[in-house]
Amino acid sequence: DARVTQTPRHKVTEMGQEVTMRCQPILGHNTVFWYRQTMMQGLELLAYFRNRAPLDDSGMPKDRFSAEMPDATLATLKIQPSEPRDSAVYFCASGSGGSGANVLTFGAGSRLTVL
Amino acid sequence: GQSLEQPSEVTAVEGAIVQINCTYQTSGFYGLSWYQQHDGGAPTFLSYNGLDGLEETGRFSSFLSRSDSYGYLLLQELQMKDSASYFCAYGSSNTGKLIFGQGTTLQVKP
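Just so you know, the sequences run in chain order A and B.
Take the first sequence: its position 54, counting from 1, is numbered 54 in this note's numbering, and each next residue is one higher.
Take the second sequence: its position 59, counting from 1, is numbered 174 in this note's numbering, and each next residue is one higher.
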């Protein structure tokens with residue numbers, strides 16, 4: 001089965017450190033999403049790419065978060081500097097199709113703990 | 116603004132039928148999807164409604180009424196393994212992004 005691969009699966013770091021999360025979308029999928037999940041906020045959209053171009057990152061704190069897609073096989077989400085409130089599970093998801101891609105395949109998630 | 120509303124929790128017994136409702140408010144609506152997420156797992160796609168009406172996939176069905184900005188997920192013959200969180204999500208034709216509701220936690224009891 002084709003799958004979305006995320007690394008690392010777990011990350012514990014100290015406040016102020018840089019965190020980079022990586023995602024390998026399913027080959028042939030042209031949309032990539034980053035979501036953050038906490039108990040309080042549900043699944044919160046952080047960034048969205050189509051054909052590697054960033055289309056929407058309005059949900060992302062711009063001062064510390066950045067998302068890139070250097071090539072079709074890699075998407076990255078970086079937090080610098082990290083803060084305890086960033087502790088959450090970060091999911092990457094990919095999909096195919098035009099606007100309003102509704103069928104996404106999610107990765108297993110990266111659980112981040114910032115102390 | 117853009118939003119989705121769904122109940123936070125639902126409880127039902129094994130073998131029963133349960134309906135999880137979802138209402139939405141958005142401009143540029145493309146379709147309504149449903150995802151299932153077990154504790155500690157990733158969301159997985161269940162069903163999609165691009166047009167009004169009912170879509171059936173085994174024990175699960177999903178319904179959409181665009182005129183009422185309303186949809187639901189119907190789970191029949193509930194099993195213990197159906198205990199999970201269920202999210203409705205809409206696709207925006209304006210931006211192409213997929214926005215999720217807060218999720219409904221379903222507890223199936225013996």
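Where is the CB? At the ideal position from N, CA and C, for every residue including glycine.
Given A/A53 as reference, the closest of A/A75, A/M40, A/F91, A/K62 once Cα atoms are compared:
Along the first sequence, read from residue 1 onward, the residue named residue 53 of chain A stands at position 53. When each option's Cα is compared against that of A/A53, the closest is A/A75.
Closer than 7 Å by C-beta to A/G100: which residues in its own chain qualify, once you throw out the five before and the five after it? Chain order, please.
Locating residue 100 of chain A in the first sequence gives position 100, counting from the first residue. For A/G100, the pLDDT reaches just 46, beneath the cut-off of 50, and the residue's location in the model is therefore unreliable, leaving the point undetermined.
Quick check on B/K196: does DSSP put it in helix, strand or coil?
Working through the second sequence from its first residue, we reach residue 196 of chain B at position 81. Reduced to three states, the DSSP call for B/K196 is helix.
Straight-line CA distance for B/I132 to B/T126?
Walking along the second sequence from the start, residue 132 of chain B turns up at place 17. Walking along the second sequence from the start, residue 126 of chain B turns up at place 11. Straight-line Cα distance between these residues: approximately 11 Å.
Is DSSP giving A/S99 helix, strand or coil here?
The residue given as residue 99 of chain A occupies position 99 in the first sequence. Residue placement at A/S99 is poorly supported in this model, since its pLDDT is 47, which falls under 50; the coordinates are not used for a value here.
So, is the C-beta of A/N30 closer than 7 Å to a C-beta in chain B?
Against the first sequence, residue 30 of chain A aligns to sequence position 30. No, because no Cβ of chain B sits closer than 7 Å to the Cβ of A/N30.
8 Å contact criterion, which A/G59 and A/L43 should meet: CB distance rounded:
Numbered from its first residue, the first sequence carries residue 59 of chain A at position 59. Numbered from its first residue, the first sequence carries residue 43 of chain A at position 43. About 11 Å separates the two Cβ atoms, so there is no contact after all.
Along chain B, which residues have their Cβ under 9 Å away from the Cβ of A/A108?
In the first sequence, the residue the question calls residue 108 of chain A occupies position 108. Ordered by position in chain B, the residues that pass the 9 Å Cβ test against A/A108 are G156, A157.
Can you name, in chain order, every residue of its own chain whose Cβ lies under 8 Å from the Cβ of B/P225, other than the five neighbours on each side?
Within the second sequence, the letter at position 110 stands for residue 225 of chain B. Here the set comprises V128, E129, M195.
For A/V103 and B/C203, what's the separation of their Cα atoms in angstroms?
To locate residue 103 of chain A, count along the first sequence from 1; it is residue 103. To locate residue 203 of chain B, count along the second sequence from 1; it is residue 88. So the two alpha carbons sit approximately 12 Å from each other.
At a cut-off of 6 Å, is A/L46 close to the ligand SAH when judged by its beta-carbon and the heavy atoms of the ligand?
The ligand SAH is not part of this structure, which contains no ligands at all.
What residue from B/I214, B/E171, B/S207, B/G218 has the CA that sits closest to B/G143's CA?
The residue you call residue 143 of chain B lines up with position 28 of the second sequence. Nearest of B/I214, B/E171, B/S207, B/G218 to B/G143, Cα basis: B/S207.
Through-space distance from B/I135 to A/C23, alpha-carbon basis
Looking up residue 23 of chain A in the first sequence gives position 23. Looking up residue 135 of chain B in the second sequence gives position 20. Cα-Cα distance, rounded: 32 Å.
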